[in-house]
Every structure is written in C-alpha cells, then in structure tokens.
Amino acid sequence: MAQAHREHLRQALDTLRAHKLRSLLTVLGVVMGVGVIMLVAALVAGFDQNVTESITGYGADTAFVSRFDYGPRIGRRPKEERLRKPLTLEDGEAILEKCPAVKNVAVWIANWEQQHKVRYHDNEVAAIDFRGAFPSFALVYANATLRKGRFFTDAENLHREKLVVLGENVATALFPVVEPLDKEMLIDGSPFRVIGVIEKPKGGAGMDDEDRRVLIPYYTFRKIYPAAYEHAIRLQARKGQLNLAADQTREVLRRRRNVGYNQPDNFSIQTSQQAVEQFHQIIGMVALAMIVLSS
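Below, the structure is given as structure tokens:
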C-alpha cells in the first residue's frame, strides 16, 4: 500500500515537472479566484453595514408612509402608481389621533418639480433635500440630531417664521470658514436665518440625503410654495408595537382614501426592518452575480 502511495506521489510530481507552466497558471487561477471572492465579500459586507446603519438611522421603531411604492425600480413608475392622490397633512393628523400604537408622526412637504438653490454670499448649493417640516421631525427622525443650534418651535411654525436647519454637507459648503448659526442665507432668493445644523449621520455609503437636508417650518413652506402638494409621513411607534402601528395606519388610510375591501393599497407603508430585509435581499443577489461573473 505504501509503495502504491509513493508511486502516485512520484507520478504527480513528474506531471508537475513536465507541465510547470500549466501547473503554475492553474494554481495562479485558483488563488486569483479565491482572492476575488474574498474581495467581493469584503466590499459587500462593508457596503451592507453602512447602508443598514443609514436605514436604521431613521429609527428602529419607525415606518415611512408614501403614496408611492417603496423599493428599487427600473424605468418609470406604473401609471396606477403615478395617478394615486397625494397624502395630506390631515392624513398624518388622523394617524396620530386614531392609531393608539403610534406615538408620534412627522409630516413633511416637498416640491420635487422645482430645483431649489441655497446661497450664502458667493457659495451656492443646488442639489439639496428641501422640505417643510414640523418640529416633530426632530423627535421622529433618529438621524436628525442637531450638532449645534436648535430646531424651530410650534409657535415659529404657526407664525411662518423664515428659519432654516441645515444638513452637515450644506452647512459646510455654504459656511466653510464661518459659524453658520444666526447667519442670513438665501433659499431660492428668499432670506432665511440659520438656527441649527444636523450632525452627520452614521453609515451612508453614498446615501447622503441626510447631509443635504434643508428644513424650514411647514407653514412657511406652504406660504412660499402654495402649489406644493407632495407630502410624506414617518410615524414613530410605541415601544414594541411597530407592526401594530403599521396595521392601524393601513386601516386608517384605506378608509380615508376610499380603498375597497378587495382592492390593493394605493399607498405604501415600509418599516425600517422591512427596508433592511429588502436591502439584504438585493445585496445578496448582487453579491452572487459578482461572484459568478468573477469565477
């Protein structure tokens, strides 16, 4: 038996010596393949962690409510989705009033049909995430913690004060060498006073909407942009009641939007956990495709 093993080993070594280049290329190919797989795995893991932190940064006990379906898409939205009626401020108020599992809501409004610009002296930023919000925004959005300054109050919102809270990237771009607080800047040519700067959130992986935020009081926004209509809602559930809060919200909105019992929702509700799970599915498919292509 030992003699047979030695003979097999000798034949293998003879084969290697006879085909040195082929053997070297084979080993090199295996090493490169394993290296590529390890590199892809590391990149995917890092990207996954950053985006997961970005999603959960909105708040583990929150859900996002929109008239559009949540998640990635290819091409234009379906006609049915485009024709859905917008959410309203009253929808948010009804959710807070009629859903016992909901602790708080943050209703905001945006005008996606217009590109907005902010300016301070010669510094200008155009790619901003501009919204009109209520003070509850700072309570519901976990990643809206202020690095400096304060948020606007209910009274300032009702009186339509021209105040603004900036994301970190916008503040840095407009005020690279000076203190932004109490400075007067322009939003689409209208003067606003800076009262707060939101700290840079964890994670990101290119998802930098939080850093580009420009938030003004809701009623100030409605006064300056009366044609704006696009509302969205983020709700904060009571501890341990997120799924119940989402179910109660769905029931309230179906009644308010006159959805028949046998008809699908004409809005979407996405909890932070659902968003993370959906992202994991997508990143898993991407990782598999990258490994297959590299093999």
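In our numbering, the protein residues as written are 7 to 301. Even for Gly, the Cβ is constructed at its ideal location relative to N, Cα and C.
| Item | Value |
| --- | --- |
| For I134, is the beta carbon positioned less than 7 angstroms from some heavy atom of the ligand SAM? | Within the structure as shown, the ligand SAM is missing, as the structure has no ligands at all. |
| In terms of residues, what are the limits of the beta strand (DSSP E) holding A100? | A100 -> not in any beta strand (DSSP E); alpha helix (DSSP H) instead, spanning 95-104. |
| Just to confirm my understanding: we take V176, look at its own chain, exclude 5 residues before and 5 after, and list those with CB closer than 8 angstroms. What are they? | V124, V131, I134, D217, R218, R219, V220 |
| Could you tell me how far apart the beta carbons of I115 and Y224 are, in whole angstroms, since I believe they sit closer than 8 angstroms? | 6 angstroms |
| Can you tell me which residues form a DSSP beta bridge with P223? | A139 |
| So, at 8 angstroms on beta carbons, what are the nonlocal neighbours of D188 in its own chain, with the 5 sequence-adjacent residues on each side left out? | R199, V200, I201 |
| How would you call A161, buried or exposed, if buried means at least 16 neighbouring beta carbons within 10 angstroms? | exposed |
| Note down, one range per segment and in chain order, each beta strand (DSSP E) of at least 3 residues found wholly within the region 170-207. | 190-193, 196-204 |
| Quick one: what does DSSP say H14 is sitting in, helix, strand or coil? | helix |
| How about I239 and G138: do their beta carbons lie closer than 8 angstroms? | no |
| Could you tell me the alpha carbon to alpha carbon distance between P106 and Q247, rounded to whole angstroms? | 10 angstroms |
| Suppose the cutoff is 8 angstroms on Cβ atoms and the five residues either side in sequence are ignored; what does the same chain contact list for T226 look like? | G138, N163, R166, E167, K168, L169 |
| For Q269 and E119, I'd like the C-alpha separation in whole angstroms. | 30 angstroms |
| So the candidates are V71, R244, V183, Y147; which of them puts its Cα closest to the Cα of L95? | V71 |
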